[in-house]
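Q: One structure follows; several queries about it will come next.
There are 2 protein chains.
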Amino acid sequence: MPILRSLDGYAGSLAQRVYGTLKEAILDLSLKPGAILRKGEVCATLGVSRSPVSEALARLASEALVDVVPQAGTFVARLSMEEVREGAFLREALELAAVELVAGAATEAQLIQLRRSLRLQEALVEDADVGGFYAADAQFHEMILSFTGHRRLPGLSRTAWVHVDRARRLLLPEPGRVGETLEEHRAILAALEARDPVAARGATRTHLRQVVTRLERLVEARPELFA
Amino acid sequence: MPILRSLDGYAGSLAQRVYGTLKEAILDLSLKPGAILRKGEVCATLGVSRSPVSEALARLASEALVDVVPQAGTFVARLSMEEVREGAFLREALELAAVELVAGAATEAQLIQLRRSLRLQEALVEDADVGGFYAADAQFHEMILSFTGHRRLPGLSRTAWVHVDRARRLLLPEPGRVGETLEEHRAILAALEARDPVAARGATRTHLRQVVTRLERLVEARPELFA
DNA sequence: GGCAGCTAACATGCTAGCATGTCGCGCACT
DNA sequence: AGTGCGCGACATGCTAGCATGTTAGCTGCC
């Protein structure tokens, strides 16, 4: 059993903490795709019983992060370009609908929040704080989604994106990408400020397709990674 | 405990059958919104233990069909116009993205399937078979979603729509609505045949907003239904 | 030497009972 | 009479052990 971070640092019921621990390990590939994931071992490692583990695995199965084969075993899902494409499609659908709505309905206060986030992103780029920038990036997108007024939308978008996020670990960092990302965010904000839904959709679509394009190139170059 | 249909007729594990039984009862309002849903009673009624019931309730909670309050109780979700709007937004986002994609990529074989479905719908309208028509309606939409090639899309769309579907039980049948629905389907298919993504989006949007519009009128007339 | 069948180990799914925290009712007090 | 407090009943969450079905390896046979 690979090293599994302890439950500390996660909140809520045991099942929820087990879920968080396992999900993180799957997403950062410390649990290898295709590996068997024995419930008994997880129980022993984390020091909990099998019910919370079962519930956590059920949730992960509903996100297609693990495959549960009845009476046979539970396996970490393999990287799948199919899943990546589907996840990207879903997030794109949600986020395009969101920017379209927000372009027509954003309040001044909301625009101010977005501008502030952009200023923060600029500072992080100047400081070359890549980790911080990606956090601000995620927050920027979540803001837009939450401005629709739909509470569960940000979470759904995150869930849709998990397979893309996992596959992204295989990409090497590309110098200058953060700067381009910042520029794309500027274009989205500009379209929102102009209250132009079509431009907002276009800018968002362009932005979201960057990662997937790079992944498509990767799968072409090294198809064995997506067995 | 209201009458709960037996597990027979559902396939898969016990948990899955319990899930199906409960979901059906919640959706057709035979489990009253706001009612308490005791695990123990469900176990006794269905003759199963608490693990499968717990798993089923966890899934229902993730769809916001029940509220689980730790150490307090489980409650059938109340009807909520918020949830209806969010569900409608989600399905619209997914289905607009789907028709846009399909308009550009549909094969002739797929168009033939859709035309065949429309012919079936016409026959059902002529025979005034409303139930059959709604089944064909659902199938028509599922076809379009599946033509994107994304396997889980139809299921996600169904899940998104559950709150709308539940609230729809409150609407009285409206004479002539099936005819209008058929006409709207014709418009969607026409746009797909013309390979016109913009028109397809427009026709789909118009179509999907019909139910929500009627629900908005209902909540205005009888707000107490959505406590 | 290769293949088929069997057996044994072991995976998950389910059942039953214990620990923990909450809510509501009743009683005493103000 | 109204209010605050305390206790009891009971809800879910968790733990531990049993039933069921699969898989892999070994053995015997061809």
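Quick note, the sequences are listed as chains Z and C, same order. In the working numbering, each residue's number is its place in the first sequence (first place is 1) plus 3. In the working numbering, each residue's number is its place in the second sequence (first place is 1) plus 3. Just so you know, even glycine gets a beta-carbon here, dropped at the ideal spot from N, CA and C. Bear in mind the structure is a predicted one, so any value in this text is a computation, not a measurement.
(1) If you check the beta carbons only, do Ala109 (chain C) and Leu195 (chain C) fall under 7 Å apart?
(2) Does Glu58 (chain C) come within less than 7 Å of chain Z when only Cβ atoms are used?
(3) Is DSSP giving Thr209 (chain C) helix, strand or coil here?
(4) Where do the N-terminal and C-terminal ends of the alpha helix (DSSP H) with Val56 (chain C) fall, by residue?
(5) Quick one: using the 10 Å Cβ neighbour count with 16 as the cut-off for buried, is Ser57 (chain Z) buried or exposed?
(6) Straight-line CA distance for Ala197 (chain C) to Glu103 (chain C)?
(7) Could one say the Cβ of Glu183 (chain C) lies closer than 7 Å to chain Z's Cβ atoms, at least one of them?
(8) Look at the alpha carbon of Ser160 (chain C) and the alpha carbon of Leu97 (chain C), and state the distance between them as a whole number of angstroms.
(9) Residues of the segment 136-159 of chain C in Cβ contact with chain Z at a cutoff of 9 Å, in chain order, please.
(10) Report the neighbours of Ser54 (chain Z) on chain C: residues whose CB is nearer than 9 Å to its CB, in chain order.
(11) For chain Z, check one thing: does any of its Cβ atoms lie closer than 7 Å to the Cβ of Phe92 (chain C)?
(12) Just the Cα atoms here: how many angstroms apart are Thr184 (chain Z) and Leu192 (chain Z)?
(13) Taking 7 Å as the threshold (C-beta atoms), are Phe229 (chain C) and His153 (chain Z) in contact?
(14) What would DSSP say about Phe78 (chain Z), mapped onto helix, strand or coil?
(15) If you measure between the beta carbons of Pro200 (chain C) and Gly134 (chain C), is that distance less than 7 Å?
(16) What residue range does the alpha helix (DSSP H) around Asp168 (chain C) cover?
(17) Could you tell me which of C:Met146, C:Arg41, C:Arg169, C:Val105 sits nearest to Leu218 (chain C), measuring between CA atoms?
(18) Within the 7 Å Cβ cut-off, does Ala100 (chain Z) reach chain C?
(19) For chain C, is any of its Cβ atoms less than 7 Å away from the one on Leu195 (chain Z)?
(20) Straight-line CA distance for Arg208 (chain Z) to Arg118 (chain C)?
(21) Step through the CB atoms of chain C and report whether any lies within less than 7 Å of the CB of Leu97 (chain Z).
(22) If you measure beta-carbon to beta-carbon, which residues of the segment 78-92 of chain C are closer than 7 Å to chain Z?
(23) Examine chain Z for any beta-carbon lying closer than 7 Å to the beta-carbon of Ala108 (chain C), and answer yes or no.
(24) Any idea what DSSP makes of Asp70 (chain C), helix, strand or coil?
(25) Relative to the alpha-carbon of Ser16 (chain Z), which residue among C:Leu34, C:Ala61, C:Pro36 has its alpha-carbon at the smallest distance?
(26) Hey, would you say Gly37 (chain Z) sits closer than 7 Å to Arg81 (chain Z), going by beta carbons?
(27) If you measure beta-carbon to beta-carbon, which residues of the segment 60-74 of chain Z are closer than 8 Å to chain C?
(28) According to the neighbour-count rule (16 or more other Cβ atoms, all chains shown, within 10 Å of its Cβ), is Pro178 (chain Z) buried or exposed?
(29) What residues are listed by DSSP as bridge partners for Ile39 (chain C)?
(30) Along the chain, where does the alpha helix (DSSP H) that runs through Gly135 (chain Z) open and close?
(31) Under the three-state reduction of DSSP, which class applies to Thr110 (chain C): helix, strand or coil?
(32) Could you spell out the range, first to last residue, of the alpha helix (DSSP H) harbouring Tyr13 (chain C)?
(33) For the alpha helix (DSSP H) containing His188 (chain Z), name the first residue and the last one.
A: According to the structure shown:
(1) Against a cut-off of 7 Å, the Cβ pair of Leu195 (chain C) and Ala109 (chain C) comes out as a contact.
(2) It does; some Cβ of chain Z falls within 7 Å.
(3) DSSP places Thr209 (chain C) within a helical segment (H, G or I) once states are collapsed to three.
(4) 53-65 is the span of the alpha helix (DSSP H), which, as asked, contains Val56 (chain C).
(5) The residue is buried, with at least 16 neighbouring Cβ atoms inside 10 Å.
(6) Near 12 Å, if we compare the C-alpha coordinates of Glu103 (chain C) and Ala197 (chain C).
(7) At a cut-off of 7 Å, the C-beta of Glu183 (chain C) has no neighbouring C-beta in chain Z.
(8) Across the structure, Ser160 (chain C) and Leu97 (chain C) are spaced so that their CA atoms are roughly 7 Å apart.
(9) Answer in chain order: Thr151, Gly152, His153, Arg154, Arg155, Leu156, Leu159.
(10) Under the 9 Å cutoff, chain C gives Ser54, Ser57.
(11) Interface residue, yes.
(12) In this structure, the alpha-carbon of Thr184 (chain Z) lies about 12 Å from that of Leu192 (chain Z).
(13) Result no, Cβ atoms of His153 (chain Z) and Phe229 (chain C) do not sit closer than 7 Å.
(14) Per DSSP, reduced to three states, the secondary structure at Phe78 (chain Z) is strand.
(15) Taking 7 Å as the Cβ cut-off, Pro200 (chain C) and Gly134 (chain C) do not qualify as a contacting pair.
(16) In the DSSP annotation of this structure, the continuous segment of the alpha helix (DSSP H) that includes Asp168 (chain C) starts and ends at 156-171.
(17) Selected option, being the one with the closest Cα: C:Arg169.
(18) For Ala100 (chain Z), the answer is yes, since a Cβ of chain C falls inside 7 Å of its Cβ.
(19) No - not a single Cβ of chain C is within 7 Å of the one on Leu195 (chain Z).
(20) The alpha-carbon of Arg208 (chain Z) is positioned some 31 Å away from that of Arg118 (chain C).
(21) True, the Cβ-Cβ gap to chain C drops below 7 Å.
(22) Result list: Glu89, Phe92.
(23) Not closer than 7 Å to any Cβ of chain Z, the Cβ of Ala108 (chain C) fails to qualify, so no.
(24) Strand, per DSSP.
(25) With distances taken between Cα atoms, Ser16 (chain Z) lies closest to C:Ala61.
(26) Inclusion of Gly37 (chain Z) and Arg81 (chain Z) in the CB contact set at 7 Å is warranted, their separation being smaller than that value.
(27) Along the segment 60-74 of chain Z, going in chain order, the ones with a CB nearer than 8 Å to a CB of chain C are Ala61, Arg62, Ser65, Ala67, Pro73.
(28) Exposed is the call here.
(29) In DSSP, Ile39 (chain C) forms a bridge with C:Phe78.
(30) DSSP places Gly135 (chain Z) in the uninterrupted alpha helix (DSSP H) bounded by 133-149.
(31) In the structure shown, the three-state DSSP call for Thr110 (chain C) is coil.
(32) For Tyr13 (chain C), there is no enclosing alpha helix (DSSP H), since its DSSP letter is neither H nor E.
(33) Counted as a single uninterrupted DSSP element, the alpha helix (DSSP H) harbouring His188 (chain Z) occupies residues 180-196.
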